[in-house]
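J.: This is the structure I want to talk about, given as structure tokens.
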Amino acid sequence: MTDQVDTLFTRIIKREIPAEIVYEDDLCIAINDIAPQAAVHVLLIPKQQIPRLADATESERAILGHLMLVAGDISRQLGVDEAFRLVVNNGADAGQTVFHLHLHILANPKDSKQFSESDIGI
Ligand code: 5GP
Numbered sequence: 001m002t003d004q005v006d007t008l009f010t011r012i013i014k015r016e017i018p019a020e021i022v023y024e025d026d027l028c029i030a031i032n033d034i035a036p037q038a039a040v041h042v043l044l045i046p047k048q049q050i051p052r053l054a055d056a057t058e059s060e061r062a063i064l065g066h067l068m069l070v071a072g073d074i075s076r077q078l079g080v081d082e083a084f085r086l087v088v089n090n091g092a093d094a095g096q097t098v099f100h101l102h103l104h105i106l107a108n109p110k111d112s113k114q115f116s117e118s119d120i121g122i
């Protein structure tokens, strides 16, 4: 067991910080982003603390695959499976602010368009 400091997302997973949870299983959690950049803006987060995608190793192959499949499940759950984007910011210079790997699931369903494509600056 390492003495890893809990990230913001681990504290959300532990229910120490509130969040709107849209999906959870043994390996990951999905929450609504607190500052959405699209009508649908969900963060899909592995429970395991991997700081950045570039830090993932062979032993994380299964969780990375799991996240992709769950992203598809969530898109169907939210009715945006025909049109959504997945974004991973890797590193501060790429806009990463929380150093706990997460996938942004972004969508603007036609009937709830709040932002234009160019507004999705993530
Ligand atoms: P990054 O910039 O690291 O790729 O994405 C971090 C995301 O976490 C941002 O989109 C930001 O709005 C979101 N975020 C930061 N703090 C919180 C929080 O306390 N709760 C939730 N739900 N999202 C957060």
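Going by full-length UniProt numbering, the residue at position 85 of the sequence shown is 85; the numbering climbs one at a time, nothing skipped.
Glycine is no exception: its CB is placed at the ideal position from the N, C-alpha and C atoms.
Kindly examine the ligand 5GP and report whether one of its heavy atoms sits closer than 7 Å to the Cβ of residue 127.
T.: Outside the modelled stretch of the chain, which goes from 1 to 122, sits residue 127, for which no answer is possible.
J.: When DSSP builds the beta bridges, which residues end up paired with E82?
T.: Position 82 of the sequence shown holds residue 82. In the DSSP output, where bridge partners are listed per residue, E82 has none listed.
J.: Could you pull out every residue in the same chain whose Cβ sits closer than 7 Å to the Cβ of P10, ignoring the five residues on either side in sequence?
T.: Sequence index remark: in the sequence shown, residue 10 carries index 10 (1-based). Per the sequence shown, residue 10 should be read as Thr rather than Pro. Cβ within range, chain order: Q49 and H100.
J.: Taking Cβ positions, are I34 and I12 nearer each other than 8 Å?
T.: Counting from 1 along the sequence shown, the entry for residue 34 is found at position 34. Counting from 1 along the sequence shown, the entry for residue 12 is found at position 12. Taking 8 Å as the Cβ cut-off, I34 and I12 do not qualify as a contacting pair.
J.: From this set, L86, R52, N90 and G91, which residue's C-alpha is nearest Q37's C-alpha?
T.: Against the sequence shown, residue 37 aligns to sequence position 37. The candidate whose alpha carbon is nearest that of Q37 is L86.
J.: Measuring CA to CA, which of A71, D25, R15 and A92 is closest to R52?
T.: To locate residue 52, count along the sequence shown from 1; it is residue 52. Cα-wise, what sits closest to R52 is A92.
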